[in-house]
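Chemist: Residues 1330 to 1537 (the numbering used here) make up the sequence shown, in order.
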Amino acid sequence: LKKEGEYIIVETKSMREPLAEKKMEQKKGNENIRKKKKVGTVILKNPLGKAIELKAQDEIQAIYWGVRLWALKLEITDEILTSFSEGRIIYPVNPDFSDKILIDLLLNKIKSDNSDSEWVVLHIPTLIKETALSTRFSVNKIKHFLEDLKIKYPLSTMFIPSSTMFIDIKTPFEKQDQTIRNSYIYEQGKGYISHLRVGKEILREVKA
């Protein structure tokens, strides 16, 4: 992570299997696949494509379950997983959080929308991923910013919920499901929020 680029993509061997093999494997018992604890080959890959394969279980336990979780716990790194096929992205966290940087990024996105609509709809996992990789802020800090934005500008912002079932079908593995859900905002009583609807009038409100 320190020497080979700005982030690491984590893949598993099953992600590289042909689609036909995946479907056959799923037919053998999808429930067993979802809850299996033993991890197969883990591939750590930088943005330029250079990869390291962890094949032995002691390597996987030491690095994937050891160093990786230790860095997460200490908030040295954070993770994003928006789709199983894309892989888990691990990036170093920037501790110098700034609301101003995030509001500027959001306003620039709204300004770049050339449609006639007075509203811009943003996919939250994609927004979080793009923001995290450009700012290095943690996923939770970005989500809290969006939640605060909705409170501060209630007439210009709206959360759109998504079905949990729709989120879960993106991956056959239970633990990946949990990480994918973390890229959504969760609201008590409403469930997982997949989209943020922002009125273009917020451009005037923020200036005021």
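Glycine included, C-beta positions come from ideal geometry on N, C-alpha and C.
Could you tell me whether the Cβ atoms of Thr1464 and Ile1439 are closer together than 8 angstroms?
Modeler: The residue given as residue 1464 occupies position 135 in the sequence shown. The residue given as residue 1439 occupies position 110 in the sequence shown. Contact flag unset, no.
Chemist: Report the three-state DSSP secondary structure of Phe1488 (helix, strand or coil).
Modeler: For the purposes of this step, residue 1488 is identified with residue 159 of the sequence shown, where counting begins at 1. Note: Phe1488 maps to strand in three-state DSSP.
Chemist: Using alpha carbons as the reference points, say which of Ile1405, Leu1436 and Glu1340 lies closest to Leu1456.
Modeler: Residue numbering aside, residue 1456 sits at position 127 when the sequence shown is read from its first letter. Of Ile1405, Leu1436 and Glu1340, the residue nearest in Cα terms is Leu1436.
Chemist: Please tell me whether Ile1337 and Leu1373 are closer than 8 angstroms, where the distance is taken between their beta carbons.
Modeler: Residue numbering aside, residue 1337 sits at position 8 when the sequence shown is read from its first letter. Residue numbering aside, residue 1373 sits at position 44 when the sequence shown is read from its first letter. Cβ atoms of Ile1337 and Leu1373: closer than 8 angstroms.
Chemist: Check the DSSP bridge columns for Pro1421 and list the partner residues they point to.
Modeler: What you label residue 1421 is simply residue 92 of the sequence shown in a count that begins at 1. Note: Pro1421 sits in a beta bridge opposite Thr1406.
Chemist: Helix, strand or coil, according to DSSP, for Lys1438 in the structure here?
Modeler: Taking the first residue of the sequence shown as 1, we reach residue 1438 at position 109. It is helical.
Chemist: Helix, strand or coil, according to DSSP, for Arg1465 in the structure here?
Modeler: Locating residue 1465 in the sequence shown gives position 136, where the first residue counts as 1. Residue state, collapsed to three classes: coil.
Chemist: Put Leu1451 into one of helix, strand or coil per three-state DSSP.
Modeler: As a working note, residue 1451 is residue 122 in the sequence shown. Strand at Leu1451.
Chemist: With a threshold of 6 angstroms on Cβ separation, who are the neighbours of Arg1417 within its own chain once the five nearest residues in sequence on each side are excluded?
Modeler: Here the question's residue 1417 lines up with position 88 in the sequence shown. Cβ neighbours of Arg1417 beyond the five flanking positions: Val1339, Glu1408 and Leu1410.
Chemist: Within this structure, are the beta carbons of Val1396 and Leu1383 separated by less than 8 angstroms?
Modeler: Taking the sequence shown and counting its residues from 1, the one referred to as residue 1396 is at position 67. Taking the sequence shown and counting its residues from 1, the one referred to as residue 1383 is at position 54. Cβ distance not < 8 angstroms, so Val1396 and Leu1383 don't count as in contact.
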